[in-house]
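Below is one structure, written out as structure tokens, with a few remarks after it.
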Amino acid sequence: MSATARPSQDSLWTRLLLIGGTVGFLTLFLFVPLALVFTEALRKGLQVYAEAITEENALSAIKLTLTVTAISVPLNAVFGVAAAWAIAKFSFKGKSLLLALIDLPFAVSPVVSGLVYVLLFGARGLFGPWLDEHNIQIIFAVPGMVLATVFVTFPFVARELIPLMQSQGNDEEYAALSLGASGWQTFRKVTLPNIKWALFYGIILCNARAMGEFGAVSVVSGHIRGETNTLPLHVEVLYNEYNSAAAFACASILSLLGLLTLALKTFIEWRAGLRRRHS
Amino acid sequence: MSIVLKNIRRTFGTFQALRGINLEIADHQLVALLGPSGSGKTTLLRIIGGLDFPDPGNGTVSIHSEDVTEKPAADRKAGFVFQHYALFNHLSVFENVAFGLEVRPRPTRPSKEAIRDRVLELLRLVQLDGLEQRLPSELSGGQRQRVALARALAIDPKVLLLDEPFGALDAKVRKDLRRWLRSFHQEIGVTTVFVTHDQQEALELADVVVVMNQGQIEQTGSPQEVYDRPATPFVYEFLGDVNKVRKPGRPDLFYVRPHEVRILFAGDSSAEFHAKIEHLFAAGPSARLSLRLTDSRDTLDADMTRAQLEEMGLSEGDEVGLQLALTSKT
Amino acid sequence: MSSKRPRSILPGFGLSLGFTVAYLGVIVIFPLIMVFFNASGLGWSGFWQTLATPRVLSACRLSFGLALLAGLLNGIFGLMIAWVLTRYRFPGRRFLDASVDLPFAMPTAVAGIALTALYAPNGWLGSLAKPYGIKIAFAPAGILIALVFIGLPFVVRTLQPVLEDFEIAQEEAAASLGATRWQTFRRVVFPQIVPALITGTTLAFARAVGEYGSVVFIAGNMPGKTEILPLLIITKLEQFDYPGATALAAMMLLISFALLLLINFLQRKSLGKNRA
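Chain order of the listed sequences is H, W and L.
Be aware that the first sequence starts at 1, since it is given in the working numbering, and climbs by one per residue.
Be aware that the second sequence starts at 1001, since it is given in the working numbering, and climbs by one per residue.
Be aware that the third sequence starts at 2001, since it is given in the working numbering, and climbs by one per residue.
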């Protein structure tokens, strides 16, 4: 191509400069830190790496992370579907307020997200004395960590489904009902297939955040090794004990999880032609 | 000559959008590039305007005897009016029209007052005076069209290029604007090229019609020429309705327009063909007959006036005789 | 949404809305209200006294100042990245595009220790800065880096759809009117993407103010120097200073709500404009 660049095209030099800037910035801020995680994890060899992730406390941290995730993600998925059904399929007063409230947890600092439950269920919280009397522990125990995780991952599924279902309208559901389908059949055979990719997408994002959440869970966790440490908290403990290799070994598992999430997310965007939205 | 195009080729991937276009456009003419979608007419217009370029080494563009093939759009002074107007949404009507003057380098930029005068004059010319503070979103389609026109004229263009100028307007506005553009062109006299897929529009408006198909020019001529003496079967079919008729015992196709079919009584000895009226549609001053030829079983449309129809007392199912002014096109 | 549709014949309205509102109320609304309820127990003067300590004020300055700076940096670099990803075609573009979400996908604690190890005086990059007497990790510069990392996707992902939908013909129109490429960008493209740019920057800022996991490792956490607001809340909790933690939380919540309103307003405004 000679001097005849199309008018909506930047000059070759501009393009090279900006592409170079982009590659440089992303390398510095994303790829180098990512590479460092794996380098540090394997610095002392595979043996140390394997020991770090199969050690008893690490395994129990993994188990706790999976438990917390396995409870909170389905809860938020069910909520997301219900909220999207109500908001997208019906008109009612206060809908935009409801929409704004659903997004609220994203605006709240993770630390505050954990704190709100301490204020409710902690020893000096509103329900503290009552819980104490009945010997129920929520804060510094698994229920509190589930609550905090549910809070921070609250909007993920709903905000993927609502705009999609709004744009799809109700025609297909009306058609199904007019053909004699029951409400449940209509949902299962018409609505669900139409939203399955968006639902999957929302669940993936929800899952990634649930497994990786640090701040909120840190506040409500008692930091008891082998009992109330999730994997991210375990990473913190190891790091603060200057056990860098083990900390990065555990971090590498979480990083792989993040990469897997990205890959799945990209795949769904490609597969379903979903528009990306920031979360 | 105002615009001279020599042997222009343009390929997109494997698709040949233009396959060697040669065209000369005289000063002050109003020229229509007419063709179906995908015929390359818009690509050609964009190449004249410097928004696109011929394949390297394949063709030259001259405007006012200057070779501008390698010149970017910004240096061509070709006023371009886009199909969807491409008005700057964040700028007022005034600022849109002033844009081309305000982006000039300081030495050639007119003073603030001169720009103001020029813009207001142009807005008067396109009959939009008083709307200069509106945003594009506050205008009707026809008004936006005229803002786009004024904006293109503000740079004193050597040529004016319009891409489907009426494409986005509804039928009524379209007609009014068409008439207005015709007289407007006579007033300003700038060589104007517009792209259209609407043959009616091209024939009514243009001094010269360039009929394009599959990246090539099929015929160039006055509206009368291209309509009455189509150079190719494509032009014949694309401009107005046409019947394709075979003569018994001959393989070639003949073309005849509906208004060229003469309807006679069945027994008339000067009848060359015989046919049966399958359907008759009469509304307004003219009537259209769907006929089926007795010999070849071909179908054919014919137009006649309501008066003729009533005088002959024809109705559906009747047998008639036909005289056809046939031209072979194969 | 503006026009009222007739009530739908679809079933499940009561059930789905009831569940939505109840779940939202229990998980989100009630706990948040409790923060304000607890804070109001302090009274205005108590609230003020808790906040107006040098330690809190310096944490505020640090958190808001660096979050603002990080937002602005993300605005600049995010615009560049969004432009490159939407406008240019080059090998590896899709890979870069997908990788922009890495800060969303990576757990914050992992990002935190990785950035810390990287910029610590003995780290890959920290050791490069050390000879010049520049301290990155355990200094405000380190916090800034973590905040830029965490906020990057917001600007890029807010700008991308706007740039993708931008009418190329407007740029062509500007060129045919004699504008240079830079004039076209500055006078035609930029003014029309400003609302999205501000929205993205505000989102990045809001996230940065509350960020904890990726910052706490690299910050150094020196009271009055490198102690951020969220960490201060945790510190107060660990010292069983519940009123202090609550007051801080209430203040942060109020600020996030204000930002949320601002973002909603901006988004509505930019939508209205684009609809033209």
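Note that CB positions come from ideal geometry on N, CA and C, so glycine has one too.
If you're wondering where the values come from, they're calculated on a predicted model, not measured in any experiment.
Coil, strand or helix - residue i by DSSP
i                : result
Y1255 of chain W : strand
H1064 of chain W : coil
M2001 of chain L : Annotation note: pLDDT 41 at M2001 of chain L (below 50); position unreliable, no value reported.
I1003 of chain W : strand
Q1323 of chain W : strand
M2222 of chain L : coil
D1163 of chain W : strand
Q295 of chain H  : Residue coverage of chain H in this structure runs from 1 to 279, which leaves residue 295 of chain H outside it and unanswerable.
I2233 of chain L : helix
K1244 of chain W : strand
A1206 of chain W : coil
L2042 of chain L : coil
I359 of chain H  : An answer regarding residue 359 of chain H cannot be provided, because it is not within the stretch 1 to 279 covered by chain H.
R2089 of chain L : coil
I1047 of chain W : helix
Q1016 of chain W : strand
T1192 of chain W : strand
R1104 of chain W : coil
Any chain L beta carbon closer than 7 Å to residue i
i                : result
L1051 of chain W : yes
G183 of chain H  : yes
H1028 of chain W : no
G1332 of chain W : No answer is possible for residue 1332 of chain W: it lies beyond the span of chain W, which begins at 1001 and ends at 1330.
H1090 of chain W : yes
P266 of chain H  : What sits at residue 266 of chain H in the sequence shown is Thr, not Pro. Yes - at least one Cβ of chain L is within 7 Å of the one on T266 of chain H.
G1100 of chain W : yes
F1166 of chain W : no
E236 of chain H  : yes
Y242 of chain H  : no
One or two residues paired with residue i in a DSSP bridge
i                : result
E1237 of chain W : DSSP, once it has assigned bridges, lists no residue as partnering E1237 of chain W.
S1286 of chain W : W:A1283 and W:T1305
S1217 of chain W : Before going on, a small fix: residue 1217 of chain W reads as Ile here, not Ser. W:M1212, per the DSSP bridge assignment.
I1277 of chain W : W:L1291
T2180 of chain L : Answer is none; T2180 of chain L lacks a bridge partner.
L1023 of chain W : W:L1005
R1262 of chain W : W:Q1323
Close Cβ partners of residue i (< 8 Å) along its chain, the five nearest in sequence each way excluded
i               : result
A208 of chain H : L257, G258 and T261
N170 of chain H : K89
Any C-beta of chain H under 7 Å from that of residue i
i                : result
A1073 of chain W : yes
E2172 of chain L : yes
K1041 of chain W : no
L2017 of chain L : yes
P2011 of chain L : yes
Residues near residue i by beta carbon distance below 6 Å, same chain, minus five either side
i                : result
V1190 of chain W : L1160
V1209 of chain W : A1032, L1034, A1202, P1223 and V1226
F2166 of chain L : none
I71 of chain H   : V146
Residue i: CB within 6 Å of a non-hydrogen atom of the ligand NAD
i                : result
L1122 of chain W : With respect to the ligand NAD, the structure shown offers nothing to examine, as it has no ligands at all.
Cutoff 7 Å: residue i Cβ touching any chain W Cβ
i                : result
L2197 of chain L : no
L2177 of chain L : yes
Q2267 of chain L : no
V2162 of chain L : no
P163 of chain H  : no
V2156 of chain L : no
A2114 of chain L : no
Cβ-Cβ distance between residue i and residue j below 7 Å
i                : j                : result
L1149 of chain W : R1178 of chain W : no
V157 of chain H  : G212 of chain H  : no
L1293 of chain W : F1273 of chain W : yes
G1079 of chain W : L1005 of chain W : no
A251 of chain H  : V48 of chain H   : no
G215 of chain H  : V68 of chain H   : no
P2195 of chain L : K2269 of chain L : yes
L2266 of chain L : I2198 of chain L : yes
F127 of chain H  : L119 of chain H  : no
Cβ neighbours of residue i in the same chain (closer than 7 Å, five flanking residues each side left out)
i                : result
I195 of chain H  : L161, L164 and M165
F1094 of chain W : V1119, E1132 and Q1133
F2149 of chain L : P2103, A2111, L2115 and S2214
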